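There are 2 protein chains.
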Amino acid sequence: MAGGNSNFLSGVPELMVLRLLQDREMYGYEIVQAIQAQSRGALSFGEGVIYPVLHGLEKDGALKSKRREVGGRSRVYYILTSRGVRRLSDLTDTWTTTTQAIQTVLKGGLHVRPV
Amino acid sequence: MAGGNSNFLSGVPELMVLRLLQDREMYGYEIVQAIQAQSRGALSFGEGVIYPVLHGLEKDGALKSKRREVGGRSRVYYILTSRGVRRLSDLTDTWTTTTQAIQTVLKGGLHVRPV
DNA sequence: TATTATTACCTTGTAATCCAAGGTATATGC
DNA sequence: GCATATACCTTGGATTACAAGGTAATAATA
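In order, the protein sequences belong to chains A and B. Position one of the first sequence corresponds to residue 877 (the numbering used here), numbered consecutively onward. Position one of the second sequence corresponds to residue 877 (the numbering used here), numbered consecutively onward.
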């Protein structure tokens, strides 16, 4: 039942991660809960989604990480690189134009050549 | 380079197909071009996307098809069933709430517990 | 003290689905 | 005659979300 929701969520975890890290450095477990909290539970990506996204973004040079001990707990904090900032900007643009296009079709506007 | 766009398009072809068929019966090839036209080219799903979606929806009882000859051309026309109408309604609701939740996070609102 | 829950990291396997590419066939335009 | 457009279809690859499971430390509870 994976993508089985057909849930309109492809690429969204990456966008959310980049957006949250724009404000401040965060660690994975914190990001998982921040997405839930800020969306009032409407969005809920598990660790099995977020951790691979973080690793992929770091591998691509969009993030940098630094391990830190806090209260005997080992956390991996992430921050955006300049490449990450650009990527966030690009993805946000894509998301905006895409959702607007979908909205246009949903509203049934733009009737080219009505049969 | 498949989902490589990370393009926020999962489930969107199905939604578009159902929405277009809400207005009138259409055939596959026509749907492919209607999506392009109505979105001013912002959305472009090939036949390799649309045909499987049509077959899947028909198998699920959301669509009914009827083959018809038009000008020596063989077309498969699709219409919504009552189940398809319900499915469109559900998907539209899901799409709306999901995109609104994403928008909320993007705007950075809802700051629960600022560090 | 023992036990559970929470924090915090991680990987593996499955399922879904988008997409490009290729394949068939007929009709139309040059 | 030949290329393009119409109209149907399937296959294989790549990506990705997700559940599930695994490790280990601290905090809370009984």
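Every residue, glycine too, gets a C-beta built ideally from N, C-alpha and C. All of these numbers come straight from a predicted model, not from anything done at the bench.
Quick one: which chain B residues come within Cβ less than 7 Å of residue i?
{"i": "residue 915 of chain A", "result": "977, 980, 981"}
{"i": "residue 888 of chain A", "result": "884, 978"}
What distance in whole Å lies between the Cβ atoms of residue j and residue i, which are believed to be in contact at a cut-off of 8 Å?
{"i": "residue 896 of chain B", "j": "residue 967 of chain B", "result": "That pair is no contact at about 13 Å."}
{"i": "residue 884 of chain A", "j": "residue 984 of chain B", "result": "Wrong, their Cβ atoms sit about 21 Å apart, outside the cutoff."}
{"i": "residue 961 of chain B", "j": "residue 933 of chain B", "result": "Not confirmed; about 12 Å, so no contact."}
According to DSSP, simplified to helix, strand and coil, what is residue i?
{"i": "residue 945 of chain B", "result": "strand"}
{"i": "residue 920 of chain A", "result": "coil"}
{"i": "residue 967 of chain A", "result": "helix"}
{"i": "residue 991 of chain B", "result": "Caution applies to residue 991 of chain B, whose pLDDT of 37 falls short of 50 and renders its modelled position unreliable; the value that the coordinates give is listed next. Coil at residue 991 of chain B, not helix or strand."}
{"i": "residue 950 of chain B", "result": "strand"}
{"i": "residue 956 of chain B", "result": "strand"}
{"i": "residue 984 of chain B", "result": "coil"}
{"i": "residue 885 of chain A", "result": "coil"}
Output, in chain order, the set of chain B residues within a Cβ distance shorter than 9 Å of residue i.
{"i": "residue 959 of chain A", "result": "Per Cβ cutoff of 9 Å: no residues; residue 959 of chain A is ~15 Å from chain B at best."}
{"i": "residue 911 of chain A", "result": "981"}
{"i": "residue 933 of chain A", "result": "Neighbours of residue 933 of chain A on chain B: none; closest Cβ ~11 Å, over 9 Å."}
By Cβ distance, which residues of its chain are closer than 8 Å to residue i, with the 5 residues on each side in sequence left out?
{"i": "residue 953 of chain B", "result": "901, 902, 903, 941, 942, 943, 944"}
{"i": "residue 922 of chain A", "result": "908"}
{"i": "residue 905 of chain B", "result": "923, 951"}
{"i": "residue 920 of chain B", "result": "911, 912"}
Given residue i, which residues of its chain have a CB within under 7 Å of its CB, disregarding the five upstream and five downstream residues?
{"i": "residue 898 of chain A", "result": "956, 964"}
{"i": "residue 971 of chain B", "result": "891"}
{"i": "residue 937 of chain B", "result": "957, 959"}
Given residue i, which residues of its chain have a CB within under 6 Å of its CB, disregarding the five upstream and five downstream residues?
{"i": "residue 931 of chain B", "result": "none"}
Going by DSSP, what residue range makes up the alpha helix (DSSP H) through residue i?
{"i": "residue 890 of chain B", "result": "888-899"}
{"i": "residue 938 of chain A", "result": "Segment: none, residue 938 of chain A is in no alpha helix (DSSP H) and carries neither H nor E."}
{"i": "residue 904 of chain A", "result": "904-914"}
Kindly list, in the order they appear in chain B, the residues whose Cβ is closer than 8 Å to that of residue i.
{"i": "residue 899 of chain A", "result": "984"}
Along chain A, in chain order, which residues have C-beta atoms closer than 8 Å to that of residue i?
{"i": "residue 895 of chain B", "result": "981, 982, 984"}
{"i": "residue 956 of chain B", "result": "Within chain A, no residue comes near residue 956 of chain B; the closest Cβ sits about 14 Å away, beyond 8 Å."}
So residue i contacts chain A; which residues on that side make the cut at Cβ distance below 9 Å?
{"i": "residue 930 of chain B", "result": "Correct list: empty, because the minimum Cβ distance to chain A is about 15 Å."}
{"i": "residue 938 of chain B", "result": "Correct list: empty, because the minimum Cβ distance to chain A is about 12 Å."}
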